[in-house]
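Numbering (my numbering), first residue to last: 15 to 266.
Beta carbons: idealized from backbone N, C-alpha and C, even for Gly.
All figures in this text were calculated on a predicted structure; none of them were measured in a lab.
Notes follow once the structure below has been shown.
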Amino acid sequence: MTKPLEGKIAVVTGAGNGIGRASALRFSADGATLALLDLDKSAVEGVAAEVKAAGGKALPLALDCSNADQIVAAFAAIRKELGKPDILLNNVGQSARERMSDFVNSDMAVLDFILDVNLKSCILCSRQVVNDMKERGSGKIINLTSESAVNGSLKTWDYSAAKAGVIGFTRAVARELAPYGINVNAVGPGMTRTRAMDQLPQDLVQKIADAIPARRAGKPEDIANAIAFFASDQSDYVTGQTLLVNGGNWML
Ligand SMILES: NC(=O)c1ccc[n+]([C@@H]2O[C@H](COP(=O)([O-])OP(=O)(O)OC[C@H]3O[C@@H](n4cnc5c(N)ncnc54)[C@H](O)[C@@H]3O)[C@@H](O)[C@H]2O)c1
């Protein structure tokens, strides 16, 4: 049986850990050839080795996905080594973690970092694939937003604003690109078991998980399942949408 992403080239940003890693492994299992981008060289090379060990093909690239020059160079390398991308997963992003604060006490340098890593990275990477996708008449762009964009979580006002920006960007660009057969959608995880959560006190994690209707935190693979749908031709008539994957914690 043909795999759903057989013959496709997929780019995953922030592929070295968490949701990016799980999505990369899923894309590979679904038949795609991968370009794996991450700031952390050894992490992304480790994921590429996992993909290769399972019989897949992956090109690992170490770069800062909020740096315009590095992004241009990375996508030139992808085109040269693999060809023109069919799928782009804009997964890079984070909250300010140890630097988070109330809005009134906030440091504008932290705001710049949050907007760059969550919103600008998504916009800059998307610009690198759109012309090729338009020429081909097909393409899938999937952007990671967050439940925080819609529930306005405390102390992460900057992250909420940046991730709400991702939703607005997704909708506007989806409208522009739909006539060219390009789908642009967003996936918004709720609390998901990645390394940021591993650093929190585990009794707090359990308390939060108990309050989720599904009574557990998400796994990276739960998010990758939704992403795999948006990357496949099963979602050809779905564009500009945001799917929250959060065990029912917040409903749109
Ligand atoms: N984990 C959650 O609970 C959760 C919830 C909602 C939304 N999200 C979103 O999902 C996405 C993935 O989150 P995660 O928890 O898997 O993250 P993670 O921190 O586990 O992994 C992120 C990866 O991105 C890489 N990275 C960070 N900045 C980078 C940059 N500037 N350039 C290139 N690579 C960079 C890191 O090295 C890391 O490998 C993010 O956009 C995040 O905001 C996560």
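So, helix, strand or coil for residue i, using DSSP?
i	result
THR47	strand
THR206	strand
ASN239	helix
ILE226	coil
VAL219	helix
VAL26	strand
ASP52	strand
LEU19	coil
VAL259	strand
Residues in the same chain with beta-carbon distance under 8 Å from residue i, minus the five sequence neighbours each way, listed in chain order, please.
i	result
LYS134	SER80
MET211	MET205, VAL219, ALA231
Hey, would you say the C-beta of residue i is under 7 Å away from at least one heavy atom of ligand 1?
i	result
PRO203	yes
VAL26	no
GLY30	yes
MET265	no
THR206	yes
GLU112	no
SER160	yes
ALA242	no
PRO227	no
PRO234	yes
Excluding the five sequence neighbours on either side, which residues of its own chain have a C-beta within less than 7 Å of the C-beta of residue i, listed in chain order?
i	result
LEU96	ILE23, THR47, ALA49, LEU73
Fill in: Contact the stretch 219–232 vs the stretch 46–55: 3+ CB pairs below 8 Å
Touching, no, given that fewer than three Cβ pairs across the two stretches are closer than 8 Å.
Discussion item. So, does the stretch 19–33 touch the stretch 55–67, judging by three or more C-beta pairs under 8 Å?
Written reply: They touch, by the three-pair rule.
Item to complete: Only counting runs of 4 or more residues, tell me where the alpha helix (DSSP H) segments fall wholly within the stretch 68–154, in order along the chain.
Response: Runs of the alpha helix (DSSP H) inside the stretch 68–154: 82–95, 122–129, 135–150.
Discussion item. Taking contact to mean 3 or more Cβ pairs, one atom from each stretch, closer than 8 Å, check whether the stretch 182–189 and the stretch 206–223 are in contact.
Written reply: Contact check between the stretch 182–189 and the stretch 206–223: fewer than three CB pairs, one atom from each, fall below 8 Å, which does not count as touching.
Item to complete: Could you tell me which uninterrupted alpha helix (DSSP H) segments, each at least 4 residues in length, are contained entirely in the stretch 163–209, listed from first to last along the chain?
Response: When DSSP assignments are scanned along the stretch 163–209, the uninterrupted stretches of alpha helix (DSSP H) that are 4 or more residues long and fall wholly within it turn out to be 171–191.
Practice prompt. Give a yes or no on contact between the stretch 107–124 and the stretch 140–153, applying the rule of three or more CB pairs nearer than 8 Å.
Written response: Taking 8 Å as the limit for Cβ pairs, the verdict is that the stretch 140–153 does not touch the stretch 107–124.
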